[in-house]
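Chains as they are written, first to last, in the numbering used here: chain A, 43 to 159; chain B, 19 to 127.
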């Protein structure tokens, strides 16, 4: 399966600031996604990152709060804007690509643990 | 995607088989059953998937009932490193992954 590098692995941020999370994949992938996992909860899909166009957001998530870029087939960023303590979560990048077709599986990054103080 | 129902938690003795059930009574004919697990502080990891037939790989076996309304993930010889949250997901091959609550498996010495 694809190998994902997600940075930073963790950060502590002041409320009102913004943090950009990077997701780099070692091969071209068809689809890239961003998930949020709040403390003690399951994963929730934020959006699908589309190459060269605006991301597709799930209900409850908006572009102004979570702007996403995907300039090419191997890289995407998620920005958490104007942060509040409620944004403290683990943010995960996920990909699906050619290498994954053999098992129809999705590969996940190790996540970014964000704490907003 | 069909809704899945899993017990919130289970215990298993180390070295014994862990059998994790999943109900998906509203699954449609083109929806696969996927299993992922999430070990603490890591991203979810793909385990196995199936449509109708039972499947086995180096990690686990997947048993799907004939009516496809339920399935069981089997870890044949559970180890302490298998302690994780296990997610059962029923979805069409083209759709995104939607996670439910999962089953928290605790493997005990």
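Beta carbons: idealized from backbone N, C-alpha and C, even for Gly.
Legend entry - Chain-ordered chain B contacts of residue 84/A [CB-CB under 7 Å]: Taking the first chain and counting its residues from 1, one reaches residue 84/A at position 42. Neighbours of residue 84/A on chain B, chain order: 117, 118, 119 and 120.
Inset, instruction - Could you name the residues of chain B that residue 120/A contacts, counting a contact when the two beta carbons are closer than 7 Å? - result: As a working note, residue 120/A is residue 78 in the first chain. Those within 7 Å of residue 120/A in chain B number zero; the least Cβ separation is about 14 Å.
Inset, instruction - Express the C-alpha separation of residue 127/B and residue 155/A in angstroms, rounding to a whole number. - result: For this step, residue 155/A is matched to residue 113 along the first chain. For this step, residue 127/B is matched to residue 109 along the second chain. Each residue's Cα considered, the two are about 30 Å apart.
Legend entry - Bridge-paired residues (DSSP) for residue 103/B: Within the second chain, residue 103/B is the residue found at index 85, counting from 1. Its beta-bridge partners are 56/B and 122/B.
Legend entry - Cβ-based burial, residue 100/B [other Cβ within 10 Å; buried from 16]: Along the second chain, one-based indexing puts residue 100/B at 82. Counting Cβ neighbours within 10 Å, residue 100/B comes out buried, since at least 16 surround it.
Inset, instruction - Mind listing the chain A neighbours of residue 24/B? Cutoff is C-beta to C-beta under 8 Å, in chain order. - result: Counted from its first residue, the second chain places residue 24/B at position 6. Within 8 Å Cβ-Cβ: nothing; residue 24/B doesn't reach chain A, min ~11 Å.
Legend entry - CB-CB length for residue 135/B against residue 96/B, believed under 8 Å: Because chain B spans 19 through 127 in this model, residue 135/B falls outside it and cannot be assessed.
Inset, instruction - Kindly indicate which three-state DSSP category residue 85/A falls into: helix, strand or coil? - result: Taking the first chain and counting its residues from 1, the one referred to as residue 85/A is at position 43. Here residue 85/A sits in strand by DSSP.
Inset, instruction - Helix, strand or coil for residue 73/B, going by three-state DSSP, please let me know. - result: Taking the first residue of the second chain as 1, we reach residue 73/B at position 55. Reduced to three states, the DSSP call for residue 73/B is strand.
Legend entry - Simplified DSSP state of residue 142/A, which is helix, strand or coil: The sequence position of residue 142/A within the first chain is 100, counting from 1. At residue 142/A, the pLDDT of 48 sits below 50, so the modelled position is not reliable; the number obtained from the coordinates is stated separately. Three-state DSSP puts residue 142/A in a helix.
Inset, instruction - Compile a chain-ordered list of the residues in the stretch 60-79 of chain A whose CB is closer than 7 Å to at least one CB of chain B. - result: 75
Inset, instruction - Would you kindly check if the distance between the Cβ of residue 51/B and the Cβ of residue 82/B is under 8 Å? - result: As a position in the second chain, residue 82/B is number 64, starting the count at 1. As a position in the second chain, residue 51/B is number 33, starting the count at 1. A contact, by the Cβ cut-off of 8 Å.
Legend entry - residue 56/A, buried or exposed, once every other Cβ within 10 Å from all chains shown has been counted against 16: Walking along the first chain from the start, residue 56/A turns up at place 14. The residue is exposed, with fewer than 16 neighbouring Cβ atoms inside 10 Å.
Legend entry - Buried/exposed call for residue 67/B, threshold 16 Cβ in 10 Å: Position 49 of the second chain, counted from the first residue, corresponds to residue 67/B. Its Cβ being crowded by 16 or more others within 10 Å, residue 67/B is buried.
Inset, instruction - Would you tell me roughly how many angstroms separate the C-alpha atoms of residue 63/B and residue 105/B, rounded to the nearest one? - result: Stepping through the second chain from its first residue, residue 63/B is reached at position 45. Stepping through the second chain from its first residue, residue 105/B is reached at position 87. One C-alpha to the other measures close to 10 Å.
Inset, instruction - Reducing DSSP to helix, strand and coil, say where residue 128/A ends up. - result: Indexing the first chain from 1 puts residue 128/A at position 86. Three-state result, residue 128/A: helix.
Legend entry - Between the CA atoms of residue 151/A and residue 49/A - distance to the nearest angstrom: Working through the first chain from its first residue, we reach residue 49/A at position 7. Working through the first chain from its first residue, we reach residue 151/A at position 109. Going by the C-alpha atoms only, they are around 9 Å apart.
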